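Remarks on the structure that follows.
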Amino acid sequence: MAQTVTANHVGVSVKDIGLMKNWYATAFGFEEAFAFKLPDGRGIMLRSESGGAQIELFEVEGSTSGPVQGTEPPGAPQRHGYFHVALEFDDLDAAYAAAVEAGGQGVWDPRDFGVPGRRGSFVFDPEGNLVELVGV
32 MAQTVTANHV
42 GVSVKDIGLM
52 KNWYATAFGF
62 EEAFAFKLPD
72 GRGIMLRSES
82 GGAQIELFEV
92 EGSTSGPVQG
102 TEPPGAPQRH
112 GYFHVALEFD
122 DLDAAYAAAV
132 EAGGQGVWDP
142 RDFGVPGRRG
152 SFVFDPEGNL
162 VELVGV
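The numbering used here applies: residue 32 is where the sequence shown begins, and numbers increase by one.
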């Protein structure tokens with residue numbers, strides 16, 4: 032019998048956990064679910080107001096940045112590993128505007144993705160991580 036599987040969260044290593052927490056809260060309404068200590072840093076779990084999405088942020092001493100670069104998503108990732116996180120919204124245009132207004136950098140403005148009923152856009156968060164915004 033097949034096991035039921037759903038995605039629980041995405042983990043992202045960040046330079047400034049406070050900056051990133053505030054961006055996800057301001058842009059998309061994420062709230063801190065809990066915080067925890069690490070031997071060499073700290074982490075927090077952010078949960079969307081609807082409870083449908085979670086993002087875990089890690090701030091670890093000595094970590095280095097290596098965000099995806101370029102402006103042609105969804106092209107081939109330029110490094111192995113994490114490429115982007117995708118968040119779904121009822122109002123894609125409002126989510127894109129909020130992300131940019133809160134300090135994100137627009138990459139692709141909202142557009143049709145060539146799949147019936149599917150629209151999307153991309154932004155870089157304040158630390159350069161690629162975030163896909165999907166409209167339903």
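We put the CB at the ideal spot given by N, CA and C, even for glycine. Remember, it's a predicted structure, so these values are computed and weren't measured experimentally.
Cut-off 6 Å between Cβ atoms - residues of its own chain near residue i, not counting five sequence neighbours on either side
| i | result |
| --- | --- |
| V41 | I86 and V116 |
| R73 | E90 |
| S79 | F61 |
| V131 | G137 |
| L69 | none |
| S94 | S44 |
Supposed close pair residue i, residue j - CB separation, criterion 8 Å
| i | j | result |
| --- | --- | --- |
| Y55 | L77 | 5 Å |
| V45 | E158 | 6 Å |
| E92 | D71 | 5 Å |
| G135 | A58 | 6 Å |
Residue from the options with nearest C-alpha to residue i
| i | options | result |
| --- | --- | --- |
| D143 | S44, F65 and V167 | V167 |
| A179 | V146, F155, N39 and G145 | No answer is possible for residue 179: it lies beyond the span of the chain, which begins at 32 and ends at 167. |
Cβ shell of residue i (< 7 Å), same chain only, five flanking positions each side left out
| i | result |
| --- | --- |
| E119 | V165 and V167 |
| L88 | V43, V45, I48, M51, K52, G74, I75 and L77 |
Neighbourhood of residue i by C-beta, 8 Å cutoff - its chain only, sequence neighbours within 5 removed
| i | result |
| --- | --- |
| A33 | none |
| S96 | K46, E158 and G159 |
Beta carbon proximity, residue i to chain D, threshold 7 Å
| i | result |
| --- | --- |
| F114 | Absent from the structure is chain D; it holds one protein chain and no more. |
Distance cut-off 6 Å: residue i Cβ against heavy atoms of the ligand NAD
| i | result |
| --- | --- |
| V167 | No copy of the ligand NAD occurs in the structure displayed, which carries no ligand at all. |
ask   = Can at least three beta-carbon pairs, one atom from the segment 128-140 and one from the segment 148-161, be found at a separation below 8 Å?
value = yes
query = Between the segment 71-86 and the segment 127-137, do three or more beta carbon pairs fall short of 8 Å?
reply = no
request  = Write down every uninterrupted run of the beta strand (DSSP E) in the segment 128-167 whose length is 3 residues or greater and which is fully enclosed by it, in chain order.
outcome  = 136-146, 149-155 and 161-166
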